[in-house]
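> Before I ask anything, let me first share the structure, which is written out below as structure tokens.
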Amino acid sequence: GAVVSQHPSWVICKSGTSVKIECRSLDFQATTMFWYRQFPKQSLMLMATSNEGSKATYEQGVEKDKFLINHASLTLSTLTVTSAHPEDSSFYICSAMGLTNNEQFFGPGTRLTVL
Amino acid sequence: SQQGEEDPQALSIQEGENATMNCSYKTSINNLQWYRQNSGRGLVHLILIRSNEREKHSGRLRVTLDTSKKSSSLLITASRAADTASYFCATRVNDYKLSFGAGTTVTVRA
Chain A
5 GAVVSQHPSW VICKSGTSVK IECRSLDFQA TTMFWYRQFP KQSLMLMATS
55 NEGSKATYEQ GVEKDKFLIN HASLTLSTLT VTSAHPEDSS FYICSAMGLT
105 NNEQFFGPGT RLTVL
Chain B
937 SQQGEEDPQA LSIQEGENAT MNCSYKTSIN NLQWYRQNSG RGLVHLILIR
987 SNEREKHSGR LRVTLDTSKK SSSLLITASR AADTASYFCA TRVNDYKLSF
1037 GAGTTVTVRA
């Protein structure tokens, strides 16, 4: 099956720093990738939809200047949490949608802890 | 926005028993999908049921869909310890976005 990787799998950073999370589709091309956020014992909330070569579409309430998304190629999307604060601590999950069908394949997630 | 509601929130069963969880949604859908998430991990796609289907099976999984009631159920038969996880339903409306339910945490006791 299609494989999506995320790097890093976990990161701890100090308040005020920026953190970049990568999402890669390893064996297929993805024109569209999605970024989700999940708080403990809660569901996934869609943050933004990332399309290769164009600006990301953010969901209501998600600050685009705080969560910078870049989808530079058909296999890579990055999420940068800028000036991270403790309330940004969460589990960030990406998914990628293949070119030939609409199925989403999920990455293993990145645990961000901001001290 | 989230449109799925799941119940129960948590379920604890003995190994070998069946586990049933339900999902309700608010708007018309193209399909409904069920995912499993082990603690601290990503999502694993389990099964997809289209809006014109009423029931679907995959191994020990049985999914039903009632579009008139806007609800779906997931049945795991003969549960195993490895089935311990959180289960989420997700609906796709008109575009490619998925909207996830709140999830049901299943614990299978040995």
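Line by line, the protein sequences give chains A and B.
This note's numbering puts the last residue of the first sequence at 119; the count rises by one with no breaks.
This note's numbering puts the last residue of the second sequence at 1046; the count rises by one with no breaks.
The beta carbon of each residue, even a glycine, is placed where N, CA and C say it ideally should be.
Just so you know, these numbers come straight off a predicted model, no measurement behind them.
1) Pull up the distance between the alpha-carbon of Val8(A) and that of Trp39(A), whole angstroms please.
2) Would you mind telling me which residues of chain B sit closer than 7 Å to Gln108(A), beta carbon to beta carbon, in chain order?
3) In the segment 993-1014 of chain B, which residues sit with their C-beta less than 7 Å from some C-beta in chain A, listed in chain order?
4) Starting from the beta carbon of Arg115(A), find every residue of chain B whose beta carbon is closer than 9 Å, and list them in chain order.
5) At a Cβ threshold of 8 Å, is Ile97(A) touching chain B?
6) Can you confirm whether Ala1038(B), when its beta carbon is compared against all beta carbons of chain A, has any partner nearer than 8 Å?
7) Quick one: Cα of Arg998(B) to Cα of Gly102(A), how far?
8) At the level of alpha carbons, what is the spacing between Gly65(A) and Arg41(A)?
9) Within the 8 Å Cβ cut-off, does Leu979(B) reach chain A?
10) Might you give, ordered along the chain, the residues of its own chain that have their beta carbon closer than 7 Å to the beta carbon of Ser1015(B), omitting 5 neighbours on each side?
11) For Gly976(B), is the classification buried or exposed, using 16 other Cβ atoms within 10 angstroms of its Cβ as the cut-off for buried?
12) Can you find a C-beta in chain B that's less than 8 Å from the C-beta of Gly57(A)?
Taking the definition as stated:
1) Taking the first sequence and counting its residues from 1, one reaches residue 8(A) at position 4. Taking the first sequence and counting its residues from 1, one reaches residue 39(A) at position 35. Roughly 12 Å between the two C-alpha positions.
2) Looking up residue 108(A) in the first sequence gives position 104. Correct list: Leu1034.
3) none
4) Within the first sequence, the letter at position 111 stands for residue 115(A). Per Cβ cutoff of 9 Å: Gly976.
5) Looking up residue 97(A) in the first sequence gives position 93. Chain B, which has a Cβ nearer than 8 Å to the Cβ of Ile97(A), makes this yes.
6) The residue you call residue 1038(B) lines up with position 102 of the second sequence. With 8 Å as the cut-off, Ala1038(B) counts as an interface residue toward chain A.
7) One-based indexing of the second sequence puts residue 998(B) at position 62. One-based indexing of the first sequence puts residue 102(A) at position 98. Roughly 26 Å between the two C-alpha positions.
8) In the first sequence, the residue the question calls residue 65(A) occupies position 61. In the first sequence, the residue the question calls residue 41(A) occupies position 37. In a straight line, the C-alpha of Gly65(A) is about 13 Å away from that of Arg41(A).
9) Your numbering for residue 979(B) matches position 43 in the second sequence. Interface flag for Leu979(B) against chain A is set, since a Cβ pair is found closer than 8 Å.
10) In the second sequence, counting from the first residue as 1, residue 1015(B) sits at position 79. The answer, listed in chain order, is Ile949, Glu951, Gly952, Glu953, Asn954, Ala955, Val1044.
11) Translated into the one-based positions of the second sequence, residue 976(B) becomes position 40. Answer is exposed; the Cβ neighbour count stays below 16.
12) Stepping through the first sequence from its first residue, residue 57(A) is reached at position 53. No, because no Cβ of chain B sits closer than 8 Å to the Cβ of Gly57(A).
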